[in-house]
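Asker:
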Amino acid sequence: MDPHLLRTFVAVLDHRSFSLAASALGYTQSAVSQHIAALEADLGTRLVERRPVAATPAGARLMEHAPALLLRLEAARADLARLHRAPSDRLTLACSPAALGAPVARALARLRASARVDVEVRVVGREAVIEEVLTARADLGLLDGVAAPSDPLPLPDLGPTVTLAASEGPLAVIFPDGHPLAERDAVRLTDLAQAQWIDSPDTAVPLDRLRAVCGADGFRPRFRHLGTDIHGLAALAAADHGLAVLPLPLAAALPGVTAVPVRHPRLVHRTELLHPADPSTPARRLTGLLTHRDGSRVHEDAD
Numbered sequence: 001m002d003p004h005l006l007r008t009f010v011a012v013l014d015h016r017s018f019s020l021a022a023s024a025l026g027y028t029q030s031a032v033s034q035h036i037a038a039l040e041a042d043l044g045t046r047l048v049e050r051r052p053v054a055a056t057p058a059g060a061r062l063m064e065h066a067p068a069l070l071l072r073l074e075a076a077r078a079d080l081a082r083l084h085r086a087p088s089d090r091l092t093l094a095c096s097p098a099a100l101g102a103p104v105a106r107a108l109a110r111l112r113a114s115a116r117v118d119v120e121v122r123v124v125g126r127e128a129v130i131e132e133v134l135t136a137r138a139d140l141g142l143l144d145g146v147a148a149p150s151d152p153l154p155l156p157d158l159g160p161t162v163t164l165a166a167s168e169g170p171l172a173v174i175f176p177d178g179h180p181l182a183e184r185d186a187v188r189l190t191d192l193a194q195a196q197w198i199d200s201p202d203t204a205v206p207l208d209r210l211r212a213v214c215g216a217d218g219f220r221p222r223f224r225h226l227g228t229d230i231h232g233l234a235a236l237a238a239a240d241h242g243l244a245v246l247p248l249p250l251a252a253a254l255p256g257v258t259a260v261p262v263r264h265p266r267l268v269h270r271t272e273l274l275h276p277a278d279p280s281t282p283a284r285r286l287t288g289l290l291t292h293r294d295g296s297r298v299h300e301d302a303d
């Protein structure tokens, strides 16, 4: 399967247009049509309906594989390029929103105090963190999610990328100030399954993850919040658009909402650090600070 043809296939279905895909890829529309026809001939099945542009059942199944296949190819190219890189005093850190907090900021301060390092921090969605590290656009990634205590996050196959635990801490549901449940000492997530929720997959705990860990239906979105703006999410919750689950230290500092700890099920907010098998010197130093390998202790719920 030719990756160039596969990339064109993904672009056509992402844009739902042959002409827009051609513009995005820098091809002619005729070339895009030829690529799709060649891929269909290779696989022996029709993949794209032309009018209107949409995936056939076979095309929809291929789309389940295509993005991951293309990412792994790009990751392999980036991994080989790292073998020939020159030493650098620059560090690019990709973080999901709830993974970037005071402990990370303190670790970065210690890194810069011990060595001259130019640092760039990018706050992106969870899937984008993985992509940034795999494709060498970032030296390190910090990715957050929920898990049982000491369990790893459920991540896809990352090839030679190394995954290390960075921190674990408590979770909380955010309620509007004055909400009847905001006075409680703790809540059970299963008791809130039929409440109104904000679906914020890159900022809060994704609702499909809550359904999975609670083993319960519900957690249906009343409102969707896309992006990485935690304060925007808090403003929506404060205006009674729905509930969301965040790490407790972060939630407690947000205006207009009350953070109530999650008592059941027994879950933690977990942050994991991703880096290539051969990290740069600044990345290796920051990894030591974040995973306590330098003798320090950096807790998620530290003051």
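Taking UniProt numbering, the leading residue of the sequence shown gets 1, the next gets one more, and so forth. Positions of the beta carbon are idealized from the N, C-alpha and C atoms, including for glycine. This one's a predicted model, so the numbers in the text were calculated from it and none came from an experiment.
1. Kindly indicate which residue of 211, 64, 15 and 67 has the alpha-carbon position closest to the one of residue 146.
2. Would you tell me roughly how many angstroms separate the C-alpha atoms of residue 291 and residue 45, rounded to the nearest one?
3. Quick one: what does DSSP say residue 223 is sitting in, helix, strand or coil?
4. Determine, using beta carbons only, whether residue 172 and residue 32 come nearer to each other than 8 Å.
5. Could you say if the segment 223-235 and the segment 253-261 meet the contact criterion of at least three C-beta pairs nearer than 8 Å?
6. Roughly how many whole angstroms lie between the Cα atoms of residue 205 and residue 8?
7. Do residue 66 and residue 6 have their C-beta atoms closer together than 8 Å?
8. From residue 289 to residue 96, what does the alpha carbon distance come to, in whole angstroms?
9. Per DSSP, what kind of secondary structure is residue 280 in: helix, strand or coil?
10. Which residue comes first and which comes last in the alpha helix (DSSP H) that contains residue 40?
11. List in chain order: all unbroken alpha helix (DSSP H) runs of 4+ residues lying wholly within the segment 124-204.
12. Where does the unbroken beta strand (DSSP E) through residue 231 begin, and where does it stop?
13. Could you compute how far the alpha carbon of residue 81 sits from the alpha carbon of residue 287?
14. Helix, strand or coil: which one does DSSP assign to residue 206?
15. Keeping to the same chain, check which residues put their C-beta closer than 7 Å to that of residue 71; ignore five residues upstream and five downstream.
Answerer: Taking the structure as given:
1. Measuring from the Cα of residue 146, the nearest candidate turns out to be 211.
2. Going by the C-alpha atoms only, they are around 49 Å apart.
3. Of the three classes helix, strand and coil, the one that applies to residue 223 here is strand, per DSSP.
4. It is not a contact, given that the beta carbons lie outside the stated cut-off.
5. Short answer: they touch.
6. Rounded to the nearest whole angstrom, the CA to CA distance from residue 205 to residue 8 is 33 Å.
7. In contact: residue 66 and residue 6 (Cβ atoms closer than 8 Å).
8. Our two residues, residue 289 and residue 96, have alpha carbons roughly 19 Å apart in a direct line.
9. Three-state result, residue 280: coil.
10. Start and end: 29-43.
11. Along the length of the segment 124-204, whole alpha helix (DSSP H) runs at least 4 residues long occupy 126-134, reported in chain order.
12. Residue 231 -> not in any beta strand (DSSP E); alpha helix (DSSP H) instead, spanning 230-238.
13. Looking at the two C-alpha atoms, the distance is approximately 21 Å.
14. Secondary structure of residue 206 (DSSP, three-state): coil.
15. For residue 71, same chain residues with a beta-carbon under 7 Å away, outside a window of 5 residues either side, are 131 and 134 in chain order.
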